[in-house]
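**Student:**
Numbering (my numbering), first residue to last: 5 to 275.
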């Protein structure tokens, strides 16, 4: 089982921020990635729909030899909360690792959270932060346009449309005096440059995908599940919509060419 793959899923390509971090931390691990690109965005769906999608995504990953599952989706992680939907495999979402990192980073105990409408509506980040740091002040802000901007390549820090949207969303959060900001959707780190510019040098940005990768590394180490292979691991990508569009968007997240093969999953295969 040590040499089984790490299963990662997201509603689209945002989870590739976690894949990139996993590859840097554990280059010998195999990864199976599923991006449910046909049903993106999850952030505008009901809680019940998000849960159904998550269980279907997990069921698909479990058809492969995997040893762990990472829900690299802020919306799924927020809806699931602290209750993992898989009992027999190590599991993490992006919520808990990001919250732990934010609570460790803040100096003034004022933490901002930006995410999809479903993530902010759930209040899960705020509840988790309060569990670890009861006296923390938390401000949440939904940023629904960010996913669409990233998916359509509007990621340059000098893009006028991206800049206007970011200022609209972020300035009210900045005015609350936060010194730490959780980028509560795995798409958002692609916009890190413009977010950092608006929030200022004194605000620490927390990338949930990166923190989830660190958490997974520790979890696998503790359970003696790290791969013992000496060669570099592989990445197999599966998507539920256009392969070409996924490959085009992936470069914004990986900043390199695609390492593995991208395969289309039909509705019949998914369900």
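Glycine included, each C-beta is placed from N, C-alpha and C at the ideal position.
Tell me the rounded alpha-carbon separation between residue 148 and residue 123.
**Tutor:** 10 Å
**Student:** Could you compute how far the alpha carbon of residue 21 sits from the alpha carbon of residue 193?
**Tutor:** Residue 21 and residue 193: Cα-Cα distance of roughly 8 Å.
**Student:** Tell me residue 254's beta-bridge partners as DSSP assigns them.
**Tutor:** For residue 254, DSSP assigns no beta-bridge partner whatsoever.
**Student:** Can you list, in chain order, the residues of its chain whose CB lies under 7 Å from that of residue 171, leaving out five sequence neighbours each side?
**Tutor:** Excluding positions up to five away in sequence, the list reads 202.
**Student:** Considering only the beta carbon of each residue, do residue 166 and residue 173 sit closer than 8 Å?
**Tutor:** no
**Student:** Alpha carbon to alpha carbon, how far is residue 258 from residue 41? Give it in angstroms, no decimals.
**Tutor:** 17 Å
**Student:** Quick check on the DSSP output: what are the complete beta strand (DSSP E) runs of length 3 or more inside the region 48 to 82, in order along the chain?
**Tutor:** 70 to 75
**Student:** Going along the chain, which residues of its own chain have a beta-carbon closer than 6 Å to the beta-carbon of residue 223, five neighbours each way excluded?
**Tutor:** Within the same chain, residue 223 has close Cβ partners 94.
**Student:** Does the Cβ-Cβ distance between residue 213 and residue 19 come in under 8 Å?
**Tutor:** Going by C-beta atoms, residue 213 is nearer than 8 Å to residue 19.
**Student:** Is residue 134 helix, strand or coil when you go by DSSP?
**Tutor:** helix
**Student:** List the endpoints of the continuous beta strand (DSSP E) containing residue 183.
**Tutor:** Premise fails: residue 183 is in no beta strand (DSSP E) and is neither H nor E.
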